[in-house]
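Heads up, the sequence shown is in numbering that gives the first Met the number 0, so the first residue is 0 and it goes up one at a time.
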Amino acid sequence: MKNSFYDLISQFKNEKNTDYLTGLVNRRGLHEIWEQLDEEDIIHCVYMDVDNFKLVNDVYGHAKGDELLVFVSRILKNEFPSQLAVRMGGDEFVVVCDGGLDEREIEEKFERLQRRLKDDFDESLSTLLSFSMGVTYHQRFEKEISKILDQSDEAMYYVKKNGKGSYVNYESIKEQITDQRAMKDRALTAFCADEFEMLLQPVIYLQNSDVYAAKVSVFWRFPGKGLLAEEKFIPVFEQYGVIAKLDEIVFEQVCQWKKQWKGTVFEDIQIYVRISGKYILQNDGVNHIKNCLDMYQTAPEQIKLCIEEEAFLGRNEKMAGAVEVLTQMGFEIAIENFGSASSFKVLQHIPADILKLDPRLLPEESESGKRQMLLLRNVISMGRDLQFMVVAEGINAAFQAGALANYGAQLGLGEFYGGPLTASEFFEKYNERYFFVNNKKPIVFSFQDTLADEEGSSQGEFVGEGFRYDAGVVEEQRALFFPGGKVRENLVRLPKSVMFGESYTICLWINTEEIQAWTSVVYITYMDGFMSLAPSDGIGSCVFRMKDDREPNEWFDIFGRQAVPGEWAYMCISCDVITGVAKLYFNGLLISSRDKAPNLKVPSQVIIGGDEYQKSYRGRIAGLEFHHCVLPAQVIERKFQAYQNNPTFQGSRGRK
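Okay, structure coming up:
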């Protein structure tokens, strides 16, 4: 360069073109100095932004934010001592470099800047802070400064939308930027020309692969480019402020589907729909949602609103207030791409019900590192412990589905389970696999000379000897006699799939031959503990016990009346994972209940007639039923009365 930036800054810098806080040249000063460059000069331009600066400002205060900006200005001057460092405003900075600097040298400076920001400012903020940087190399002075800045800014924005904390050369993404501009220019025409297509993808209950819900995916039939997936154009719409219009169209389409499906098997199916924070916060956003619900007579409980995690960052009282209004209307809120940003404060302040995991949390290979698998497991475990529904998106392989199910995620979707379909195709393909139809029926073991359930879908296995099929409590059902024995002897293992529902009710008739303290008639182990139903504790009570292994000194016990040896007794236990309420019934009556039941995840084995700690059960079991929901007390009472009213009933006519 003919004149160095050092000389130009010394000559032209004054109070008006200097940033008051950092002492750097401001935007005005940049333009003034630019005008002094020679037409043959070549420069490099770096546009940079401090990632999560708003969060620091909101959570730690403006004084901390100012301190951060001053620190950034200092390390910029240290790394680029003879170049032009500019504060553009807020947390955005520009560095204009002499074109004689080597590109590799500049990129080494980028790496040092990242390290210094994390290591030297504030240790408590090291995981939050980074730079997103866009750079344009070898630009001539004759080119307008605004064009150079725009290109560097677009490169910087690309980094922010693709993970932050890095840099990119504008030339390497120039084609993508051109495509994005074409999308922006076409957007309004596309709305009028009805170029957007809404498809539905199955959301799967991971424990049994039934369809639990549907997720809306939006595609754009872009002239000359074919069908574009939403991840291609939604970031562009968000950047240029047209996303709210798309959200209006999509939400209304969801309400139309709900109306069309009334009276069908999918009448109550839940639909997950992504909406932006901008849509919610626009003046008539919530009103548009209300109007659509009224127009199409749609229940808000059947629509899950998925909002990007980043929309909640910082002390966003306006967003929190809007979400509160939506939850009061009856919507459940899903935090979209959970794990992609600084998530944990979001969980404290936003009344969300569902965590949709960032697909990047899923391992891409079955041999992925232990650290990544532990991270996934712990994120799921945290969500479950906080009573969130955990939904995993981007499942493309069987090992991912297996890991997610084993770690306790309830729902999942991805190409492994099926891609997006039109509404009619979705209905045709999945109406016979709908969870809430298939699982209204309980799994019932009548022990009619077989260990298979009545539908033939679940087959038990004898472990030991001395069993026999015997007379049951009514003629239509038989009983299975258990001979008793040592620990882990002479019991029956059932497939763990009988417990795929997380909330449950288990009902059975027992006829014990003797009092056996703490011996289980039903025993289920989980990833985090176990559950047991014991007819006696040895001192006059039966016990429904749940144990969370992560709480070694706590036992969750519900006590009731002890079963009388030689007499039939009808016992039912239930647990609601949403409310945390567990209940124990004896002969049709609710005996006791407790709240704050442990949230045990993912059954690993189901045993009847014994457990891993006590001698095995001696007596009969009949009418064993596994319900995948919590039965109301009156339903359990009616079930007991139906047995009593059977002419062949062998139990007590009373309720002792």
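Ideal placement from N, C-alpha and C gives every residue a C-beta, glycine not left out.
Fair warning: this is a prediction, and the values are worked out from it, not measured in the lab.
For the alpha helix (DSSP H) holding residue 66, just list the boundary residues, first then last.
For residue 66, the enclosing alpha helix (DSSP H) starts and ends at 61-78.
Is residue 189 buried or exposed, if buried means 16 or more other CB atoms sit within 10 Å of its CB?
It is buried - the Cβ of residue 189 has at least 16 other Cβ atoms within 10 Å.
Only counting the same chain, and skipping five residues up and downstream in sequence, which positions put a Cβ closer than 6 Å to that of residue 96?
In its chain, beyond the 5 residues on either side, 43 and 82 have a beta carbon closer than 6 Å to the beta carbon of residue 96.
Closest residue to residue 490 among 480, 497, 496 and 498 (Cα-Cα distance):
Distance from the Cα of residue 490 is smallest, within the candidate group 480, 497, 496 and 498, for 480.
Is it right to say residue 152 is buried, meaning 16 or more other beta carbons lie within 10 angstroms of its own, or is it exposed?
Label assigned to residue 152: buried.
Could you tell me the distance, in whole angstroms, from the CA atom of residue 529 to the CA atom of residue 110?
Cα to Cα, the separation comes out at about 50 Å.
In or out: residue 638 buried (at least 16 other Cβ within 10 Å) or exposed?
Classification of residue 638: buried, given that the 10 Å Cβ count is 16 or more.
If we cut at 9 Å on Cβ distances, does residue 328 have a partner in chain C?
You won't find chain C in this structure, because it holds only one protein chain.
Our contact map puts residue 299 next to residue 330 with C-beta atoms below 8 Å; I'd like the distance itself, whole angstroms only.
About 5 Å separates the two Cβ atoms, so the contact holds.
According to DSSP, is residue 256 part of a helix, a strand, or is it coil?
Residue state for residue 256 is assigned as helix, using DSSP reduced to three classes.
Between which two residues does the beta strand (DSSP E) carrying residue 444 extend?
Residue 444 -> beta strand (DSSP E) spans 442-444.
Where does residue 644 land, buried or exposed, given buried means 16+ other C-beta within 10 angstroms?
In summary, residue 644 is exposed, with fewer than 16 beta-carbon neighbours lying within 10 Å of its beta-carbon over all protein chains present.
Three CB pairs or more closer than 8 Å across the segment 503-510 and the segment 616-627
Verdict: yes, contact present.
Are at least three pairs of beta-carbons, each pair with one atom in the segment 18-26 and one in the segment 64-81, less than 8 Å apart?
Touching, yes.
Considering Cα atoms alone, identify which of 402, 543, 424 and 393 is closest to residue 415.
Looking only at 402, 543, 424 and 393, the smallest Cα-Cα distance to residue 415 is reached by 393.
Along the beta strand (DSSP E) that carries residue 510, what are the first and last residues, could you check?
Unbroken beta strand (DSSP E) run through residue 510: 503-511.
Ends of the beta strand (DSSP E) at residue 15?
Counting along the chain, residue 15 sits inside no beta strand (DSSP E), nor does DSSP assign it H or E at all.
Residue(s) in a DSSP beta bridge with residue 302
As computed with DSSP, residue 302 is found in a beta bridge with 270.
In the structure shown, what three-state DSSP assignment does residue 197 receive?
Reduced to three states, the DSSP call for residue 197 is strand.
Which listed residue (498, 543, 500 and 525) has its alpha carbon closest to that of residue 517:
Checked all of 498, 543, 500 and 525; the closest Cα to residue 517 is 543.
Could you pull out every residue in the same chain whose Cβ sits closer than 6 Å to the Cβ of residue 630, ignoring the five residues on either side in sequence?
Excluding positions up to five away in sequence, the list reads 504.
So residue 390 packs on residue 501, CB below 8 Å; how close in whole Å?
The C-beta distance from residue 390 to residue 501 rounds to 14 Å, too long to fall under 8 Å, and the pair is not in contact.
Quick one: what's residue 93 bridged to in DSSP?
DSSP output for residue 93 lists 46 and 85 as bridge partner(s).
In the structure shown, what three-state DSSP assignment does residue 571 receive?
Residue state, collapsed to three classes: strand.
Using CA coordinates, which residue listed in 600, 283 and 534 is at the minimum distance from residue 403?
Ranking the options by Cα distance to residue 403, first place goes to 600.
For a test of the three-state rule: what should DSSP assign to residue 236, helix, strand or coil?
Of the three classes helix, strand and coil, the one that applies to residue 236 here is helix, per DSSP.
Identity of the residues DSSP links to residue 536 by a beta bridge:
According to DSSP, residue 536 bridges with nothing at all.
Runs of alpha helix (DSSP H) lying entirely within the segment 544-620, each at least 4 residues, in chain order:
DSSP runs (the alpha helix (DSSP H)) wholly in the segment 544-620: none.
Sufficient close CB pairs (3 or more, under 8 Å) joining the segment 439-458 to the segment 583-601:
No, the segment 439-458 does not touch the segment 583-601.
When the Cα of residue 224 is compared with those of 467, 355, 496 and 185, which residue comes out closest?
Per the Cα distances, 185.
Sort 553, 597, 386 and 370 by Cα distance to residue 352 and report the nearest one.
Comparing C-alpha distances from residue 352 to each of 553, 597, 386 and 370 shows the shortest one belongs to 386.
Just to confirm my understanding: we take residue 78, look at its own chain, exclude 5 residues before and 5 after, and list those with CB closer than 7 Å. What are they?
Scanning its chain for C-beta atoms nearer than 7 Å, with the 5 sequence neighbours on each side dropped, one finds around residue 78 the residues 108, 111 and 112, in chain order.
Taking the alpha helix (DSSP H) that residue 324 belongs to, which residues open and close that run?
For residue 324, the enclosing alpha helix (DSSP H) begins and ends at 316-328.
Check residue 522 in the structure and name its three-state DSSP category.
Looking at residue 522 - three-state DSSP - the assignment turns out to be strand.
Mapping the DSSP letters down to three states, classify residue 471 as helix, strand or coil.
DSSP places residue 471 in coil when its eight states are reduced to three.
Three-state class that DSSP yields for residue 331 in the structure shown
In the structure shown, residue 331 sits in a strand (DSSP, three-state: E or B).
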